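>
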Amino acid sequence: MPETNSDLTARRTAEIRDIIADLFSAEPDEVEAAGSFVNDLDADSLLAIELLTHLEKRYGVTIPEAEIVEMVTLKATYEVVARNAGW
Numbered sequence: 043m044p045e046t047n048s049d050l051t052a053r054r055t056a057e058i059r060d061i062i063a064d065l066f067s068a069e070p071d072e073v074e075a076a077g078s079f080v081n082d083l084d085a086d087s088l089l090a091i092e093l094l095t096h097l098e099k100r101y102g103v104t105i106p107e108a109e110i111v112e113m114v115t116l117k118a119t120y121e122v123v124a125r126n127a128g129w
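Its first residue numbered 43, the sequence shown is counted upward by one per residue in the numbering used here.
Following this line, the structure appears as C-alpha cells:
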C-alpha cells in the first residue's frame, strides 16, 4: 500500500525529531513536548546552526539562516523544512 501524505508527514516529523534529540542530547519525547527548544532543551544559537546544517544535508535543501528563529518547536521546524523542500 502506498504511503499517504499523513504517513509521509509523520515519518519526516519523526526523522526531524530524532535529529533534534541527538543534537540537543534530549529524549525524543522531550523534543515533542518542548514548547521552546531554548527554554525547555537549553538550545543555543550554535546548536540551532548545527541543526540547520544537519537538516539541509539530510533533505538536500537550502534553508535561509534568517529562518532559524522560526525553528523553536518540532512542528515549527518541520514547517520550515517542508516549506523549503517543497513538501
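Glycine is no exception: its CB is placed at the ideal position from the N, C-alpha and C atoms.
Quantities reported herein were computed from a predicted structural model and do not represent experimental measurements.
Just how far apart, CA to CA, sit I105 and N126?
For this step, residue 105 is matched to residue 63 along the sequence shown. For this step, residue 126 is matched to residue 84 along the sequence shown. One C-alpha to the other measures close to 6 Å.
> Could you give the first and the last residue of the continuous alpha helix (DSSP H) run that contains D86?
Here residue 86 refers to the residue found at position 44 when the sequence shown is read from its first residue. Here D86 belongs to no alpha helix (DSSP H), and DSSP marks it neither H nor E.
> Assign L88 to one of two classes, buried (16 or more other C-beta atoms within 10 Å of its C-beta) or exposed (fewer than that).
Within the sequence shown, numbered from 1, the residue matching residue 88 stands at position 46. Counting Cβ neighbours within 10 Å, L88 comes out exposed, since fewer than 16 surround it.
> Which word fits V111, buried or exposed, when buried means at least 16 other C-beta atoms lie within 10 angstroms of its C-beta?
Here residue 111 corresponds to residue number 69 of the sequence shown, with the count starting at 1. It is exposed - the Cβ of V111 has fewer than 16 other Cβ atoms within 10 Å.
> Cα separation between Y101 and M113?
Mapped onto the sequence shown, residue 101 falls at position 59. Mapped onto the sequence shown, residue 113 falls at position 71. Approximately 16 Å, taken between the alpha carbons.
> To the nearest whole angstrom, what separates the beta carbons of A63 and P70, a pair I think is in contact under 8 Å?
Position 21 of the sequence shown holds residue 63. Position 28 of the sequence shown holds residue 70. A63 to P70, Cβ: 5 Å. Contact.
> Quick one: give me the first and last residue of the alpha helix (DSSP H) that T51 is part of.
For this step, residue 51 is matched to residue 9 along the sequence shown. Run containing T51: N47 to L65, per the alpha helix (DSSP H) assignment.
> I need the DSSP call for I110, collapsed to helix, strand or coil.
Translated into the one-based positions of the sequence shown, residue 110 becomes position 68. If DSSP states are grouped into helix, strand and coil, I110 belongs with the helices.
> How many angstroms separate the CA atom of E74 from the CA atom of T55?
Position 32 of the sequence shown, counted from the start, is the residue given in the question as residue 74. Position 13 of the sequence shown, counted from the start, is the residue given in the question as residue 55. Approximately 10 Å, taken between the alpha carbons.
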